[in-house]
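Participant: Residue numbers (UniProt numbering): 1 to 339.
Where is the CB? At the ideal position from N, CA and C, for every residue including glycine.
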């Protein structure tokens with residue numbers, strides 16, 4: 001019998017800001033099963049929104065930022081859900097799933113709390129509605145001291161969307177106000193990176209979205225009740241908007257996922273035996289893995305999809321370490337290009 005050397009396997013699911021053109025393309029080209037999943041989900045997404053996320057994300061001639069809210073949100077779901085399926089095919093099952101922002105909706109499908117096609121339909125529905133109710137804006141990642149960031153934010157038009165560590169912060173708000181803050185931070189030596197997001201999610205501008213999310217969620221079975229959850233076997237689903245587990249999902253929960261600050265580091269620290277777990281970031285760009293590493297409290301952290309195009313090799317690395325740690329539950333630990 002293989003000895004399990006870690007307490008838990010944790011899948012990390014993120015959202016807007018982590019997408020880029022060509023994300024997961026190398027895995028799409030080399031992994032037949034992943035490719036089939038992407039094409040199946042793309043058909044569902046195309047029916048839901050009238051456009052193909054794959055065609056948008058994999059187009060060869062790229063101009064402008066990768067910031068079409070509806071297509072990128074659907075694409076993020078497709079990639080992250082597809083990665084979860086492939087990891088499970090190889091025997092790597094999550095004990096815990098942590099969702100951040102859009103990743104909370106994706107976590108519902110990965111955990112089995114929602115049908116993936118149903119979740120895709122809901123994502124298409126609410127992202128299509130956002131431009132009519134949320135003012136234009138943006139989000140900016142900052143590598144710099146939290147003290148300097150807090151001092152630079154002097155306007156109600158900018159909010160702290162996420163504090164991943166005392167050196168890694170995400171701001172959200174009106175574009176002109178974000179630009180002013182970025183200029184002040186640059187003087188102090190901070191590095192600011194504008195994310196490919198057109199709207200000020202996780203800011204006070206989202207306060208009015210509660211009623212919208214309640215209305216849109218009608219007709220979608222996106223979560224079990226707390227009573228039903230007891231009888232459902234599967235991983236625990238944790239929310240970065242409440243820094244705790246979710247046992248059901250409602251319109252209010254949907255609003256919290258996109259409107260409340262992302263409490264990712266607080267959520268990680270609340271997990272059982274958080275320092276010793278194996279964390280696998282399914283988010284393109286490995287943004288949550290980077291946030292986790294900036295906390296400097298965990299040892300085993302992996303990302304798979306990055307702009308460097310080594311997705312198949314990085315998938316193999318994850319499976320190899322999982323095998324060494326005794327957490328594979330069957331399947332194969334090596335990546336097969338035409339598996």
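Can you list, in chain order, the residues of its chain whose CB lies under 7 Å from that of residue 19, leaving out five sequence neighbours each side?
Facilitator: Only 66, 72, 75, 76, 196, 284 meet the Cβ criterion.
Participant: Determine the burial state of residue 324: buried for a count of at least 16 other Cβ atoms within 10 Å of its Cβ, exposed for fewer.
Facilitator: exposed
Participant: In or out: residue 82 buried (at least 16 other Cβ within 10 Å) or exposed?
Facilitator: So residue 82 counts as buried.
Participant: Please give the ranges of any beta strand (DSSP E) in the segment 169-218, keeping only runs that are unbroken, at least 3 residues long and fully inside the region.
Facilitator: 191-194
Participant: What did DSSP end up calling residue 31 once you bin it into helix, strand or coil?
Facilitator: Coil at residue 31, not helix or strand.
Participant: Report the start-end ranges of each alpha helix (DSSP H) in the segment 280-311 that is 4 residues or longer and not cut off at the edges.
Facilitator: 287-295
Participant: Taking the continuous beta strand (DSSP E) assigned at residue 139, which residues delimit it?
Facilitator: 138-143
Participant: Please confirm if the segment 166-180 is in contact with the segment 131-149, defined as three or more CB-CB distances below 8 Å between the two stretches.
Facilitator: yes
Participant: Residue 200 to residue 326, Cα distance in whole Å?
Facilitator: For residue 200 and residue 326, the distance between alpha carbons rounds to 42 Å.
Participant: Taking contact to mean 3 or more Cβ pairs, one atom from each stretch, closer than 8 Å, check whether the segment 84-100 and the segment 28-45 are in contact.
Facilitator: Because the criterion of three Cβ pairs below 8 Å is met, the segment 84-100 and the segment 28-45 touch.
Participant: Helix, strand or coil, according to DSSP, for residue 103 in the structure here?
Facilitator: helix
Participant: Here's the rule: buried if 16 or more other CB atoms are within 10 angstroms of the residue's CB, otherwise exposed. What is residue 131?
Facilitator: Only exposed fits residue 131, as fewer than 16 other CB atoms lie within 10 angstroms of its CB.
Participant: Buried or exposed: where does residue 230 fall if 16 or more other Cβ atoms within 10 Å of its Cβ makes it buried?
Facilitator: Note that residue 230 scores a pLDDT of 35, beneath 50, so its modelled location is shaky; the value from the coordinates is reported in the next line. When all chains shown are included, residue 230 counts as exposed.
Participant: Which residue from 253, 47, 290 puts its Cα closest to that of residue 242?
Facilitator: 253
Participant: Could you tell me if residue 342 is buried or exposed, where buried requires 16 or more neighbouring beta carbons within 10 angstroms of its beta carbon?
Facilitator: Because the chain spans 1 through 339 in this model, residue 342 falls outside it and cannot be assessed.
Participant: By how many angstroms is the C-alpha of residue 26 removed from the C-alpha of residue 237?
Facilitator: In a straight line, the C-alpha of residue 237 is about 29 Å away from that of residue 26.
Participant: Please determine if the segment 272-292 and the segment 5-21 are in contact, where contact requires at least 3 C-beta pairs separated by less than 8 Å.
Facilitator: yes
Participant: Please determine, among 70, 98, 269, 33, the residue with the shortest C-alpha to C-alpha distance to residue 17.
Facilitator: 70
Participant: Could you compute how far the alpha carbon of residue 192 sits from the alpha carbon of residue 68?
Facilitator: Residue 192 and residue 68 have their C-alpha atoms roughly 22 Å apart.
Participant: Using a 10 Å radius around the Cβ and a threshold of 16 neighbouring Cβ atoms, would you call residue 314 buried or exposed?
Facilitator: buried
Participant: Excluding the 5 residues preceding and the 5 following residue 126 in the sequence, name in chain order all residues of the same chain whose CB lies nearer than 6 Å to its CB.
Facilitator: 216
Participant: Is residue 183 buried or exposed, if buried means 16 or more other CB atoms sit within 10 Å of its CB?
Facilitator: exposed
Participant: Could you give the first and the last residue of the continuous beta strand (DSSP E) run that contains residue 11?
Facilitator: 9-13
Participant: Is it true that the CB of residue 92 sits closer than 8 Å to the CB of residue 44?
Facilitator: no
Participant: Does the Cβ of residue 133 have 16 or more other Cβ atoms within 10 Å, making it buried, or fewer, making it exposed?
Facilitator: exposed
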